[in-house]
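All remarks here apply to the structure that follows.
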Amino acid sequence: MADIKNNYLCLWGVVEEISKQSPFQKKAVLRYIESADERYFDFAEDLVKRMLKVIDRGECYDYIAKTYLWYTKTIRIEEMYFAKEGRYRYSDYDEVYEKVYSRDDYMFDYVVGLGMTQIFWPNHWNIMKFFLDNFIPKGKDFRTGAEIGVGHGVFHSEFLRGCPDMSSKLIDVSPTSLDMTRRMIAATGLDPERAEPIQCDVQKYIPLEDESLDALLMGELIEHIQDGESVMAAMAKKMKRTGYCYFSTAANSPAEDHILLFRSVGEVCDFIDRTGWKVVDEHLGTINNMSVKDAEKGGHNINYAAVLAVK
Amino acid sequence: MSDIRKRCVDIFAKVMEVDSATINVDTNPGNLSQWDSLSHVQLLVGLEREFSIEINPEEGMDLESFNLVYEFVKEKLS
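Respectively, the protein sequence lines represent chains A and E. When the letters of the first sequence are read in order and numbered with our numbering, they come out as residues 1 to 311. When the letters of the second sequence are read in order and numbered with our numbering, they come out as residues 1001 to 1078.
As structure tokens, then:
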């Protein structure tokens, strides 16, 4: 294992706090990073440094660890509900809006915790690598971009970093996410003025012209949307014919704000096809290297990421 | 071994896919590699079904040793 304690101080700060606070997560995190490579460690260290700048409370490793553990606990609680009931707890957007997105302080903790899953959940790190290796290289000619559901801003920051001639729109229902994303862009060493924040619920209105986008990010968005099909179809019209979309979602993936349930990869692919998109490249991930077939049969999590183009 | 303890051991063994002889009062995620956060969810669901009890997920997530689980189940049944 890399000498994390001496070479990746910020990452170690968080890992140490996680280890103190949770035996489950101590085991999971240490087991994972035991076999991680240099690319992972460089990214993870940089992400923690950026997150510390965004949070702006000094070396608050205990806070980062606490929010990560709190976030994973909310997931485990919903997993228990899903295991018993066979469905997500909520199916109504207004319920999750009231519970999660409308609460600014709650959202701050939520996106910090979620941000840390990018480096502590193997599937999320693999999705990030797919995004960096399979979507970003298409971006040399991107001039106009947008992201719906910006969250912690890590994807958008990498988007701007990898596509230096692009200006973009940040579209999110949460002012906290919009603010955090702009701060993450700055923490990444980029000009946040390149990304125009727009607070908006895309289920009601989409503030984009038709055929205006070279690139669109819709990562981990659609499972939060009640009428995902309408939104996905509407977004297809916003793309230039030569444009690309980064899309990710998950099947059998309970969370306190997941409302659109996919039970298989087939359901995700049918959804993509029905809404006017085609898959250019895709990535699948399961827990503990389970086969997709076993994951679908057992109702276990499957992560799906893809590069899409309009049909 | 009491019936409740034996049934708890059996649930652990089934969920973690280990020999029941490896489960004892000191068993915890630190010394049982199969006990991770995912199998913990399966464990709680299994205990609910076995004992016909309802486990509040917030309480259940804090049961981080066999002994805590056993004492919790005993209390639920008393």
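Just so it is clear, CB atoms sit at the ideal spot from N, CA and C, and this is done for glycine as well.
In terms of residues, what are the limits of the alpha helix (DSSP H) holding residue i?
| i | result |
| --- | --- |
| Asp270/A | Val265 to Arg274 |
| Lys237/A | From DSSP, Lys237/A is part of no alpha helix (DSSP H); its letter is neither H nor E. |
| Asp94/A | Tyr93 to Val96 |
| Glu1058/E | Pro1057 to Gly1060 |
| Thr176/A | Pro175 to Ala187 |
| Phe120/A | Asp104 to Phe120 |
| Phe43/A | Glu38 to Ile55 |
What are the start and end residues of the beta strand (DSSP E) that includes residue i?
| i | result |
| --- | --- |
| Gln1042/E | Note, Gln1042/E: premise wrong, no beta strand (DSSP E); alpha helix (DSSP H) at Ser1037 to Phe1051. |
| Gly145/A | Thr144 to Ile148 |
| Trp277/A | Trp277 to Thr286 |
| Glu85/A | Glu85/A -> not in any beta strand (DSSP E); alpha helix (DSSP H) instead, spanning Tyr61 to Glu85. |
| Lys169/A | Ser167 to Asp172 |
For a contact meaning CB atoms closer than 9 angstroms, what does residue i contact in chain E?
| i | result |
| --- | --- |
| Ile287/A | Leu1038 |
If you measure between the beta carbons of residue i and residue j, is that distance less than 7 angstroms?
| i | j | result |
| --- | --- | --- |
| Ala313/A | Leu213/A | Outside the modelled stretch of chain A, which goes from 1 to 311, sits residue 313/A, for which no answer is possible. |
| Gln203/A | Pro175/A | no |
| Asn301/A | Ile287/A | yes |
| Val111/A | His152/A | yes |
| Ala258/A | Tyr97/A | Looking at the sequence provided, one finds His at residue 258/A rather than Ala. Result no, Cβ atoms of His258/A and Tyr97/A do not sit closer than 7 angstroms. |
| Ala250/A | Ile75/A | no |
| Leu170/A | Val150/A | yes |
| Val1045/E | Ile1023/E | no |
| Lys1064/E | Pro23/A | As written in the sequence, residue 1064/E is Glu, which differs from the Lys given in the question. It is a contact, given that the beta carbons lie within the stated cut-off. |
| Glu211/A | Lys240/A | yes |
| Asn126/A | Gly285/A | yes |
| Phe130/A | Ala305/A | yes |
| Asp201/A | Val173/A | yes |
| Gly276/A | Ala236/A | yes |
| Thr72/A | Asp109/A | no |
Kindly list, in the order they appear in chain A, the residues whose Cβ is closer than 8 angstroms to that of residue i.
| i | result |
| --- | --- |
| Leu1044/E | Met80 |
| Glu1071/E | Result: empty, since nearest Cβ-Cβ is about 18 angstroms, beyond 8 angstroms. |
DSSP has residue i in a bridge; who is on the other side?
| i | result |
| --- | --- |
| Val310/A | Trp277/A |
| Leu216/A | Ala146/A and Cys245/A |
| Phe262/A | Ala251/A |
| Pro197/A | Leu170/A |
| Ile302/A | Ala251/A and Thr286/A |
Can you pull the chain E neighbours of residue i, defined as C-beta to C-beta under 7 angstroms?
| i | result |
| --- | --- |
| Ala28/A | Asp1036 and Ser1037 |
Mind pulling the chain E residues with CB within less than 8 angstroms of residue i?
| i | result |
| --- | --- |
| Arg76/A | Ser1037, His1040, Val1041, Pro1057 and Met1061 |
Can you pull the chain A neighbours of residue i, defined as C-beta to C-beta under 7 angstroms?
| i | result |
| --- | --- |
| Asn1028/E | Pro23 |
Cβ of residue i less than 7 angstroms from any chain B Cβ?
| i | result |
| --- | --- |
| Lys297/A | The structure shown contains no chain B; its protein chains are A and E. |
Show which residues of chain A have a CB atom less than 9 angstroms away from the CB atom of residue i.
| i | result |
| --- | --- |
| Glu1064/E | Ser22, Pro23 and Phe24 |
Please identify, using Cβ separations under 7 angstroms, the residues of the region 244 to 258 of chain A that lie next to chain E, in order along the chain. Going along the region 244 to 258 of chain A in chain order, one finds no residue with a Cβ nearer than 7 angstroms to chain E.
If the cut-off is 7 angstroms on Cβ atoms, which residues from the region 84 to 116 of chain A count as contacting chain E, listed in chain order? If the cut-off is 7 angstroms between Cβ atoms, the region 84 to 116 of chain A has Lys84 near chain E.
Residues of the region 63 to 75 of chain A with Cβ closer than 8 angstroms to any Cβ of chain E, in chain order: Thr72 and Lys73
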